[in-house]
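Single-structure report; data block below.
Rendered as structure tokens:
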């Protein structure tokens, strides 16, 4: 411990003995740094704050949930507006638009476009705030034009977003249009198939026809029962050979034949064969269910198709500007005090180290 204290004292003594040299070096370096900081061009920063468009701008959430039942899901967008805006801001389209308007290649004195775009990209900053707002900043040496540049970035951003949104709406419209055409074709085919099926099976209304058939069967059965009772009464009152009895027997047999034919005939166009009712109901239900499916599809798709056509031609601002960029009153960099302080510390460390090395030699 004592040896360490002696070493520290020795080091301090060496530095103290060389203090003039250290002070001179530090002062010279600091003065040079201060001079350089004054020679560096002033850079100004302008900032704009925007809010990305709401999801409802390009989506059909009202009906989209219903479409998921048909396997289409939310075909018209999700909650990714903020990511799309940030992607556009970082895209080459913005850089190209800025260079074309303000000729940054000449301003930056770059030989190739990619060098211009690289420098532009380093000067264009974006960040997301705590409230999900997007902050757009740009650094430039011209105090009077930097705010205009930022506002032009916002303008280009909005134009590109409208273009992409309408392009998406067009794709949605084409998709839905094709789907509607397909659904209409399927529905037309099914309605024809249903019509042919009902015509072939002699179906007008299963419920009504079945009810009528039951009434008809009951009516025949009642007539048969009446004839049987009448015949029994006649037999009790007249001899077996009486003509009235023969007539009643013929009438009874005729009614029984009609009753049997009613249940077995395949050519009865008005009444449905009772044995065929379960199969007819099942087949008819399947056809109607398929037709109803396509009708529901049309109910869901038609409003979406109209909405997609509106979105396709819509040309209103999609970006909400919370704060427009304004002319900055003060430079953003260089920060001279910080610049000089850094060189002061570096020169102090280096000069002290050199003083210690030269003393040891």
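Residue numbers (the working numbering): 47 to 407. From the three backbone atoms N, C-alpha and C, an ideal C-beta is built for every residue, glycine too.
Using only the alpha-carbon positions, how far apart do residue 170 and residue 159 sit?
16 Å
Answer yes or no: do residue 365 and residue 99 have a C-beta to C-beta separation smaller than 8 Å?
yes
Determine the burial state of residue 219: buried for a count of at least 16 other Cβ atoms within 10 Å of its Cβ, exposed for fewer.
buried
Expressed to the nearest angstrom, what Euclidean distance is found between the alpha-carbon atoms of residue 128 and residue 147?
26 Å
So residue 207 and residue 134 are supposed to be a Cβ contact under 8 Å. How far apart are they, rounded?
6 Å
My output table needs one value for residue 366: the three-state DSSP class, helix, strand or coil.
In the structure shown, the three-state DSSP call for residue 366 is strand.
Answer yes or no: do residue 95 and residue 181 have a C-beta to C-beta separation smaller than 8 Å?
For residue 95 and residue 181, yes; Cβs fall inside 8 Å.
Considering only residues of the same chain and omitting the five flanking positions on each side of residue 270, which have a CB-CB separation below 8 Å?
So the qualifying residues of the chain are 298, 301, 302, 305.
Suppose you measure from the CA of residue 403 to the CA of residue 82; what does that come to, to the nearest Å?
29 Å
What are the boundary residues of the beta strand (DSSP E) that includes residue 93?
It spans 90-97 - the beta strand (DSSP E) in which residue 93 sits, taken as one unbroken run.
Just confirm the distance between the C-beta atoms of residue 200 and residue 393, as a whole number of angstroms; I'd bet it's less than 8 Å.
Residue 200 to residue 393, Cβ: 44 Å. No contact.
Excluding sequence positions up to five away, which residues of its chain have a Cβ less than 8 Å from the Cβ of residue 174?
128, 132, 180, 181
Could you tell me which residues DSSP puts in a beta bridge with residue 172?
182
Less than 8 Å between C-beta atoms, sequence neighbours within five positions excluded: which residues of the same chain meet that for residue 57?
402
Determine the contact status of residue 87 and residue 187, defining contact as a CB-CB distance below 8 Å.
yes
What separation, rounded to the nearest whole angstrom, lies between the Cα atoms of residue 368 and residue 211?
21 Å
Residue 274 to residue 289, Cα distance in whole Å?
16 Å
Select from 373, 397, 338, 151 the residue whose C-alpha is nearest the C-alpha of residue 232.
338
Which residues in the same chain have their Cβ closer than 7 Å to the Cβ of residue 151, if we skip the five residues on either side of it in sequence?
Cβ within range, chain order: 145, 159, 162.
Looking at the unbroken alpha helix (DSSP H) that takes in residue 145, where does it start and where does it end?
From DSSP, the alpha helix (DSSP H) with residue 145 extends over 138-148.
According to DSSP, residue 379 sits in a beta bridge with which residue or residues?
89
Give me, in chain order, the residues of the same chain whose beta-carbon lies closer than 7 Å to that of residue 50; leave out the 5 immediate sequence neighbours on both sides.
Residue confidence for residue 50 is low, a pLDDT of 49 falling below 50, so the modelled location carries little weight and cannot support an answer.
Here's the rule: buried if 16 or more other CB atoms are within 10 angstroms of the residue's CB, otherwise exposed. What is residue 399?
exposed
Mapping DSSP to helix, strand and coil, what is residue 338?
helix
Under the assumption that residue 189 contacts residue 382 (Cβ atoms under 8 Å), give the Cβ distance between them as a whole number of angstroms.
Not quite, the Cβ-Cβ distance comes to about 17 Å (not below 8 Å), so this is no contact.
Can you have a look at residue 54 and say buried or exposed, based on whether 16 or more other CB atoms are within 10 angstroms of its CB?
Residue 54 should be labelled exposed.
Tell me the DSSP secondary structure of residue 126 in three-state form.
coil
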